[in-house]
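S.K.:
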Amino acid sequence: MKNINVGIIGVGVVGSATALLIEENKDIIKARAGASIRIKKGVVKDISRTDKRVKIPLTTNIDDVLEDDEIDVVIELMGGIDLAYEVAKKALSNKKAVITANKAMLAYHRYDLQKIANGIPICFEASVAGGIPIIKALRDGLSSNHILSIRGILNGTCNYILTKMSNESISFETCLKEAQNLGYAEANPSLDISGMDTAHKLLILSSIAYGIDAKPEDILVEGIESVSQDDIFFANEFNYTIKLLAIAKKVNDEVELRVHLAMIDKNEMISKVSGVMNGISVIGDKVGETMYYGAGAGGDATASAVVSDLIEIARSKSSPMLGFKRSLESGLKLKEISSIESRYYIRLKALDKAGTMAKITSILGECGISIKMLLQRESTDKNYATLLLSTHKSNEANIKKALYSISKLEVITDKPFMIRIEG
Numbered sequence: 040m041k042n043i044n045v046g047i048i049g050v051g052v053v054g055s056a057t058a059l060l061i062e063e064n065k066d067i068i069k070a071r072a073g074a075s076i077r078i079k080k081g082v083v084k085d086i087s088r089t090d091k092r093v094k095i096p097l098t099t100n101i102d103d104v105l106e107d108d109e110i111d112v113v114i115e116l117m118g119g120i121d122l123a124y125e126v127a128k129k130a131l132s133n134k135k136a137v138i139t140a141n142k143a144m145l146a147y148h149r150y151d152l153q154k155i156a157n158g159i160p161i162c163f164e165a166s167v168a169g170g171i172p173i174i175k176a177l178r179d180g181l182s183s184n185h186i187l188s189i190r191g192i193l194n195g196t197c198n199y200i201l202t203k204m205s206n207e208s209i210s211f212e213t214c215l216k217e218a219q220n221l222g223y224a225e226a227n228p229s230l231d232i233s234g235m236d237t238a239h240k241l242l243i244l245s246s247i248a249y250g251i252d253a254k255p256e257d258i259l260v261e262g263i264e265s266v267s268q269d270d271i272f273f274a275n276e277f278n279y280t281i282k283l284l285a286i287a288k289k290v291n292d293e294v295e296l297r298v299h300l301a302m303i304d305k306n307e308m309i310s311k312v313s314g315v316m317n318g319i320s321v322i323g324d325k326v327g328e329t330m331y332y333g334a335g336a337g338g339d340a341t342a343s344a345v346v347s348d349l350i351e352i353a354r355s356k357s358s359p360m361l362g363f364k365r366s367l368e369s370g371l372k373l374k375e376i377s378s379i380e381s382r383y384y385i386r387l388k389a390l391d392k393a394g395t396m397a398k399i400t401s402i403l404g405e406c407g408i409s410i411k412m413l414l415q416r417e418s419t420d421k422n423y424a425t426l427l428l429s430t431h432k433s434n435e436a437n438i439k440k441a442l443y444s445i446s447k448l449e450v451i452t453d454k455p456f457m458i459r460i461e462g
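Everything in the sequence shown is counted per this note's numbering, starting at 40 for the first residue and increasing by one.
(1) Suppose you measure from the CA of G494 to the CA of K288; what does that come to, to the nearest Å?
(2) To the nearest whole angstrom, what separates the beta carbons of I138 and N44, a pair I think is in contact under 8 Å?
(3) Please report the Cβ distance between I281 and S205, rounded to the nearest whole angstrom; I am assuming they are in contact, meaning their Cβ atoms lie under 8 Å.
(4) For A334 and S378, I'd like the C-alpha separation in whole angstroms.
(5) Taking only runs of the alpha helix (DSSP H) that begin and end inside the region 135 to 173, which ones reach a length of at least 4 residues, in chain order?
(6) Between which two residues does the alpha helix (DSSP H) containing T395 stretch?
(7) Run through the region 42 to 89 for me and flag every whole beta strand (DSSP E) of 3 or more residues, listed as ranges in chain order.
(8) Please name the residue, chosen from I352, T419 and R382, that lies closest to N42 on a Cα-to-Cα basis.
(9) Going by DSSP, what residue range makes up the alpha helix (DSSP H) through S246?
(10) In the DSSP assignment, find the unbroken alpha helix (DSSP H) run with N275 in it and report its ends.
(11) If we count the other Cβ atoms within 10 Å of its Cβ and call it buried at 16 or more, is Y199 buried or exposed?
(12) Taking the C-alpha atoms as reference points, what is the distance between E164 and A140?
(13) Would a C-beta distance cut-off of 7 Å place A146 and P255 closer than the cut-off?
(14) Should M412 go down as buried or exposed, given a rule of 16 or more other Cβ atoms within 10 Å for buried?
(15) Would you kindly report the start and end of the unbroken alpha helix (DSSP H) that includes S343?
(16) Measure from the alpha carbon of L116 to the alpha carbon of each residue in D90, V167, Q153 and G49, then state which is nearest.
(17) Does the distance from the C-beta atom of C162 to that of D304 stay below 7 Å?
(18) Hey, would you say E380 sits closer than 7 Å to N434, going by beta carbons?
(19) Leaving out five residues on either side along the sequence, give the residues of the same chain with a beta carbon under 6 Å from the beta carbon of I319.
(20) Apart from the five residues on each side of it in sequence, which residues of its chain come closer than 8 Å, Cβ to Cβ, to N437?
Here it is in structure tokens:
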């Protein structure tokens, strides 16, 4: 039986969990991998702050791993983009397989690494949705299907906040603070609540599904910061749930990629994904819809995905990093954001006086937008009203034009807010 030596760069929460998992479950890992796996060395910034349960040799010098000829696999768990990319490149140039959980680095450099690897294994199951094996599902299990769409709840922090707001009728700010107190949100939560963390993950999935080489700045990305109880009220009235949704959708020879708040029918399976959990719906042209649910973050869940990649490498399974030996989907292109079509929910705060609604509907009509449903909520100040409405299908260009014009009306007192309606 062969031996595989591993170096871990970044023995923090996930790195420590990975080391402990390899030790605690060594028998079943050995049986499934057909190899004896040993962590030869780990790299940390500060040895004194390492989890004391982790009993592996430690160093503060990355080259102690990258230049060690006995190390076969480098597990990169350091985070960041540029340095992590350089580490992965150097590992590959030294003929070492690479496992990474770094979605931000892959969002920018996945195609560069695939080219550099030239057949050397690069695995990244842990980069999307923690312990859910969605990478393997797309790359292997669904590899004979054309993927028609992917819809994912890929950020536990945002899903916790939105679930809490819906269930307990409390504000975004209160829910965020509670998420931080419980350790679900960082002290600086901007990467999560802005939608950018979800965007990084969507780009990885879209590369496997469609062979699309897009960067975060190329796609529609919106966060959850402005959601309010008025929006939750409207959603409940019409049997919707509000989620931060990652969407990849094939439309003819174009692919839509977008991350934003969405109202989803409560009867859909993905709408039932609550709390800090993640869920992904994938529709293939032959298999139909498949649904994946589980823990999207946390040391143990992410370590589970890291070790699954290690077992795959140990089995000597070598497949293209992003699933394509050659790009059969090369004719696909990224759909322009302005031409994306949806139905829309709009929240407006306006002066409660005659003629207000006529001015709003006139602008919507000029932009080719028709109203489907309308609610008015009274304000504590009787001079103002909150208007909640949904539209029939329109496109991004028209809705943005209409909202800009509406925002300039003297009867509108706050910036208009919009959520897309999916399904």
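Heads up, the beta-carbon is just placed ideally off N, CA and C, and yes, glycines get one too.
M.R.: Quick look at the numbers:
(1) Outside the shown range of the chain (40 to 462) lies residue 494, about which nothing can therefore be said.
(2) Cβ atoms of I138 and N44 stay farther apart than 8 Å, at about 13 Å.
(3) Sure, about 7 Å apart at Cβ, within 8 Å.
(4) Those two C-alpha atoms are separated by around 34 Å.
(5) If we require 4 residues or more, the alpha helix (DSSP H) runs fully inside the region 135 to 173 come out as 142 to 156.
(6) T395 to E405 is the extent of the alpha helix (DSSP H) around T395.
(7) If we require 3 residues or more, the beta strand (DSSP E) runs fully inside the region 42 to 89 come out as 74 to 82.
(8) Of the residues I352, T419 and R382, the one whose Cα lies closest to the Cα of N42 is I352.
(9) M235 to Y249 is the span of the alpha helix (DSSP H), which, as asked, contains S246.
(10) Q268 to E276 is the extent of the alpha helix (DSSP H) around N275.
(11) It is buried - the Cβ of Y199 has at least 16 other Cβ atoms within 10 Å.
(12) A straight-line Cα-Cα distance of about 7 Å links E164 and A140.
(13) A contact, by the Cβ cut-off of 7 Å.
(14) By the Cβ-count criterion, M412 is exposed, with fewer than 16 other Cβ atoms from all chains shown falling within 10 Å of its own Cβ.
(15) Note, S343: alpha helix (DSSP H), G338 to A353.
(16) It is G49.
(17) In this structure, C162 keeps its C-beta atom at 7 Å or more from the C-beta atom of D304.
(18) Yes. Within cutoff.
(19) Same-chain partners within the cutoff: I173, G191 and Y331.
(20) Shown here for N437: same chain residues with a beta carbon closer than 8 Å to its own, the five before and five after excluded, namely C406, G407 and I408 in chain order.
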